[in-house]
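Chemist: To start, I am sharing the structure in question, which I have written as structure tokens.
Protein chains: 2
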Amino acid sequence: MHEQRAGAANADFVRAEETPLTERQRLILRLIVREYVATGRPVGSRSLWESSGIGVSPATIRNEMAALEERGYLEHLHTSGGRVPTDRGYRYFVAHLMGDIELPSSEQLTILHQFRQIELQLEQWIELAAATLARAAGNVSVVSAPIPQSPRLRHLELVALQPRLGLIILVTTDGAVRQVMAHWPDDADQETLSPLADSLAVALRGSTPDEIESHAVGASALARAVLDQIANALRGMTAGGAAVRHSGLEHALTQPEFSHSAEAQELLALLGGGSFVSAMLPRLEEGPGVRVFIGAENPADELRRLGIVVSTYGVDGEVVGVLGVVGPTRMAYDRSISSVRYVARLMSGLMADLRG
Amino acid sequence: MHEQRAGAANADFVRAEETPLTERQRLILRLIVREYVATGRPVGSRSLWESSGIGVSPATIRNEMAALEERGYLEHLHTSGGRVPTDRGYRYFVAHLMGDIELPSSEQLTILHQFRQIELQLEQWIELAAATLARAAGNVSVVSAPIPQSPRLRHLELVALQPRLGLIILVTTDGAVRQVMAHWPDDADQETLSPLADSLAVALRGSTPDEIESHAVGASALARAVLDQIANALRGMTAGGAAVRHSGLEHALTQPEFSHSAEAQELLALLGGGSFVSAMLPRLEEGPGVRVFIGAENPADELRRLGIVVSTYGVDGEVVGVLGVVGPTRMAYDRSISSVRYVARLMSGLMADLRG
DNA sequence: TTTAGCACTCTCTGCCCGAGAGTGCTTATG
DNA sequence: CATAAGCACTCTCGGGCAGAGAGTGCTAAA
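Here the protein sequences line up with chains A and B, keeping their order.
First residue of the first sequence: 1, per the numbering used here; consecutive thereafter.
First residue of the second sequence: 357, per the numbering used here; consecutive thereafter.
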């Protein structure tokens with residue numbers, strides 16, 4: 001199989017070396033992709049002829065199919081098993097045949113409504129995003145928590161729990177909140193901690209982790225311990241420590257590609273191991289927009305049988321996350337793309353509100 | 357099938373109506389349960405004889421098996437398919453045959469070590485508990501976040517995001533932290549909010565939601581809005597709003613009971629729909645300790661083919677959660693019970709630290 | 001260029017059959 | 001009387017086989 005670049009740029013590559021597809025070939029390819037995505041069974045000339053009401057005979061369809069196969073858009077699993085789109089076929093479909101890619105506005109309203117309802121519970125945003133995305137796309141969804149690019153401190157609270165144990169609560173300029181437990185070097189009750197928190201909050205407002213640590217020189221042992229742990233916690237909010245949620249496994253299980261437990265386990269391992277996110281994070285650099293990876297276009301071997309639709313979300317340059325949909329190569333790319341785009345926009349809007 | 361009460365009390369019921377099992381019958385029942393749990397295949401007299409090195413012939417084993425079947429501890433799926441324990445058989449095993457039920461101390465140390473490593477990240481406790489419990493028990497685990505019984509306010513922070521939008525951060529006396537977004541009735545910047553937060557923090561320390569609302573009379577519009585939303589958020593932390601995590605689905609998928617996607621989907625629906633927790637929450641009333649529900653002993657119909665091991669955890673009367681393990685009826689109850697017990701103790705210890 | 005016809009291939013399903021494993025019953029034995 | 005041995009019977013599982021169904025490529029006709 002040839003090297004392929006991801007994205008619409010692929011179209012140039014096709015045009016450069018061969019004549020373009022005829023209108024009828026495009027129609028047939030579109031019908032095959034739609035049919036195969038819907039049924040999961042390889043599609044043959046006769047059955048396509050029956051189900052589509054196309055104006056030409058099965059024999060003609062066969063000829064066109066052979067041409068499409070010749071050029072790498074279809075393939076032939078067994079001599080008499082009907083045809084199936086190749087990765088390249090899906091790619092062509094996504095780039096040229098898919099048509100309208102906005103989520104139906106009724107769907108948009110449903111989702112919006114759900115977000116309105118729990119707007120206030122910050123902790124649940126990611127979970128809700130994962131759940132709605134999975135439902136809208138009809139596939140497994142993966143959503144990372146927003147990751148501050150360069151977290152700065154906005155607020156700070158210290159809570160005494162036990163003589164030498166307490167809670168540090170941080171709020172960053174992005175509106176993210178983090179709570180960590182902390183040990184003090186000496187006993188400290190709430191009456192000691194509160195004034196310390198107040199003075200540190202003022203002194204550290206807008207500081208980066210490095211700047212926070214620089215305040216440690218000359219401070220008391222307690223203050224030094226606190227400063228250290230604040231800086232660490234703040235650092236922990238960047239890429240490495242981001243929480244990732246997935247949802248909609250039930251959609252995958254209904255599909256024949258995952259009906260055997262071995263394949264389902266493999267998918268589970270991918271989701272649990274975070275290899276999905278780590279594979280996609282580098283793409284964050286490429287800027288905003290929805291990216292599609294089909295089968296062998298994926299960077300990692302274990303993703304070769306999957307289709308992946310991802311997008312970043314967030315406020316440009318300040319805090320970004322990644323969200324996407326994963327399914328078998330045979331997936332409804334149009335639905336997935338429109339869902340991912342819509343939910344990404346929605347989350348970006350919410351992040352913008354939070355940034356203030 | 358007869359009505360059965362859960363727990364060791366069952367033994368009385370058996371003894372009351374029939375003669376006790378002979379020592380050899382107990383041995384054979386134990387061997388059958390162990391063998392069936394390990395292999396998943398019905399166990400026959402010859403194969404049991406070969407694998408166990410027991411001192412009697414297959415024919416004798418057959419006779420004892422027939423006796424055990426007669427009394428409801430075993431059953432016979434097909435005329436020649438070997439025997440399988442019934443729910444009652446498992447129950448007898450759990451109550452009398454299981455023996456040592458402490459987690460091996462090497463396992464204990466491993467788990468403890470993992471908790472030490474992330475001790476500081478409060479948000480990750482539940483997730484870690486779910487992950488380690490699943491691993492230790494070799495089954496799917498479910499862990500609810502701790503649920504404060506009667507949450508009282510300990511600390512309070514207000515953060516301005518936009519003119520009329522902000523963040524309220526609460527810390528309860530149990531050490532739980534909650535962040536909610538809030539709308540103000542008038543524009544309010546950080547310089548307005550900080551003094552308000554300070555004065556409210558002092559005034560409301562130790563208050564219940566109702567008491568907080570009672571402060572609203574005669575307060576400013578802004579303060580009233582804040583008080584309202586604090587009270588609501590605090591109320592939301594009790595039972596209804598508790599987060600639930602599960603982990604270890606891969607263990608279920610390796611087992612033949614869930615190898616078909618239909619059964620796996622059913623399990624997924626149970627976990628996602630929260631019906632597991634809602635079925636088990638009433639048991640919280642019965643006090644601490646590990647509870648085991650085997651097959652038809654379960655309250656809900658959809659759980660009839662599952663074995664469930666649950667325990668509460670937390671600080672008595674103040675904050676409690678529930679955690680447990682779910683698998684096919686054919687599960688390693690001894691391993692599950694010891695794992696659940698150990699992790700529950702561990703979490704209780706952590707809660708006690710947090711309570712301060 | 002399109003279509004009809006045809007021979008061929010491959011999968012899938014149902015069926016049969018034999019091997020293997022397990023049971024219950026009957027009878028022998030210490 | 002409890003245990004063991006022998007035996008006929010039953011049921012599942014896997015392989016082999018045939019026929020149906022679906023699909024293809026090729027050739028020839030419209």
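No residue lacks a Cβ here, since even glycine has one placed at the ideal position from N, Cα and C.
#1: Considering only C-alpha positions, which residue in the set B:Met454, B:Glu406, B:Ile568 and B:Ser403 is nearest to Arg691 (chain B)?
#2: Are the beta-carbon atoms belonging to Val277 (chain A) and Val340 (chain A) less than 8 Å from one another?
#3: Could you run through the stretch 169–181 of chain A and flag, in chain order, every residue whose CB is less than 7 Å away from some CB of chain B?
#4: Report back the beta-carbon spacing between Met143 (chain A) and Ile126 (chain A) to the nearest angstrom; my notes put them in contact at under 8 Å.
#5: By Cβ distance below 6 Å, which residues in the same chain neighbour Arg46 (chain A) in space, the five residues on each side in sequence not counted?
#6: Tell me which residues share the same chain as Trp540 (chain B) and place their Cβ nearer than 7 Å to its Cβ, disregarding the 5 neighbours each side in the sequence.
#7: Is the shortest distance between the beta-carbon of Ser617 (chain B) and the beta-carbons of chain A less than 8 Å?
#8: Determine whether the beta carbon atoms of Leu227 (chain A) and Leu170 (chain A) lie at a separation below 8 Å.
#9: Report yes or no: is there a C-beta of chain B within less than 8 Å of the C-beta of Val159 (chain A)?
#10: Please report how far the alpha carbon of Arg701 (chain B) lies from the alpha carbon of Leu679 (chain B), in whole angstroms.
#11: Any C-beta of chain A sitting closer than 8 Å to the C-beta of Gln518 (chain B)?
#12: State the beta-bridge partners of Thr172 (chain A) as determined by DSSP.
#13: Which same chain residues end up closer than 6 Å to Glu613 (chain B) when comparing Cβ atoms and leaving out the 5 residues on each side of it in sequence?
#14: In or out: Leu433 (chain B) buried (at least 16 other Cβ within 10 Å) or exposed?
#15: Contact between the stretch 60–77 of chain A and the stretch 306–315 of chain A is defined here as three or more beta-carbon pairs at a separation below 8 Å; is this criterion met?
#16: Closer than 8 Å by beta-carbon distance: list the chain B residues that pair up with Thr357 (chain A), in chain order.
#17: Please report the Cβ distance between Leu624 (chain B) and Leu270 (chain A), rounded to the nearest whole angstrom; I am assuming they are in contact, meaning their Cβ atoms lie under 8 Å.
#18: Name the chain A residues whose beta carbon is nearer than 8 Å to that of Asp584 (chain B)?
#19: Taking C-beta pairs closer than 9 Å, name the residues in chain B that Asp353 (chain A) reaches, listed in chain order.
#20: Val440 (chain B): which of B:Tyr448, B:Gln611 and B:Glu431 sits nearest, CA to CA?
#21: Could you compute how far the alpha carbon of Ala575 (chain B) sits from the alpha carbon of Glu547 (chain B)?
#22: With a threshold of 8 Å between beta-carbons, can Arg135 (chain A) be considered close to chain B, or not?
#23: Any beta-carbon of chain B closer than 8 Å to the one on Ala269 (chain A)?
#24: By a C-beta neighbour count over all protein chains shown, 10 Å radius and 16 as the cutoff for buried, is Glu458 (chain B) buried or exposed?
#25: Check for me: the beta strand (DSSP E) holding Gly670 (chain B) runs from which residue to which?
#26: Is the beta carbon of Leu514 (chain B) closer than 8 Å to that of Leu560 (chain B)?
#27: Would Ala381 (chain A) and Met347 (chain A) be called neighbours here (beta carbons separated by less than 8 Å)?
#28: By how many angstroms is the C-alpha of Gln505 (chain B) removed from the C-alpha of Pro424 (chain A)?
#29: Between the C-alpha atoms of Val682 (chain B) and Ala490 (chain B), what's the straight-line distance to the nearest angstrom?
#30: Which of helix, strand or coil does DSSP assign to Glu431 (chain B)?
#31: What's the C-alpha gap between Ala516 (chain B) and Ile586 (chain B)?
#32: Chain B partners of Leu253 (chain A), CB-CB under 8 Å?
#33: Return the chain-ordered ranges of every beta strand (DSSP E) run that is complete within the stretch 203–263 of chain A and spans a minimum of 3 residues.
#34: Under 9 Å Cβ-Cβ, which residues of chain B neighbour Phe115 (chain A)?
#35: Taking the alpha helix (DSSP H) that Gln535 (chain B) belongs to, which residues open and close that run?
#36: Give the secondary structure of Val696 (chain B) by DSSP, where H, G and I count as helix, E and B as strand, and everything else as coil.
Modeler: This is what the structure gives:
#1: B:Met454
#2: Result no, Cβ atoms of Val277 (chain A) and Val340 (chain A) do not sit closer than 8 Å.
#3: Ile169, Val171, Gly175, Val177, Gln179, Val180 and Met181
#4: What sits at residue 143 (chain A) in the sequence shown is Val, not Met. So it is a contact: roughly 5 Å between Cβ atoms.
#5: Contacts found: Pro58.
#6: Arg520, Gly522, Leu578 and Ala581
#7: yes
#8: no
#9: yes
#10: Taking the CA atoms as reference points, Arg701 (chain B) sits about 11 Å from Leu679 (chain B).
#11: Answer yes: the Cβ-Cβ gap between Gln518 (chain B) and chain A drops below 8 Å somewhere.
#12: A:Leu153
#13: Pro684
#14: exposed
#15: Of all C-beta pairs linking the stretch 60–77 of chain A to the stretch 306–315 of chain A, fewer than three are shorter than 8 Å, placing the two stretches out of contact.
#16: The question about residue 357 (chain A) has no answer here: the residues shown for chain A are numbered 1 through 356.
#17: Their Cβ separation, rounded to whole angstroms, is 17 Å, which puts Leu624 (chain B) and Leu270 (chain A) out of contact at 8 Å.
#18: Under a criterion of Cβ atoms nearer than 8 Å, no residue of chain A is adjacent to Asp584 (chain B); the nearest Cβ is some 12 Å distant.
#19: Leu517, Gln518, Leu521 and Met537
#20: B:Glu431
#21: 18 Å
#22: no
#23: yes
#24: exposed
#25: Run containing Gly670 (chain B): Leu662 to Val671, per the beta strand (DSSP E) assignment.
#26: The Cβ atoms of Leu560 (chain B) and Leu514 (chain B) do not sit closer than 8 Å to each other.
#27: What is shown of chain A runs 1 to 356, which leaves residue 381 (chain A) out entirely.
#28: Chain A is shown from 1 up to 356; residue 424 (chain A) falls before or after that span and cannot be answered.
#29: 9 Å
#30: strand
#31: 15 Å
#32: Ser617, Ala620, Gln621 and Leu624
#33: List check, beta strand (DSSP E) in window: 244–247.
#34: In chain order: nothing, as chain B lies at least about 12 Å away.
#35: From DSSP, Gln535 (chain B) is part of no alpha helix (DSSP H) but of the beta strand (DSSP E) over Val533 to His539.
#36: Reduced to three states, the DSSP call for Val696 (chain B) is helix.
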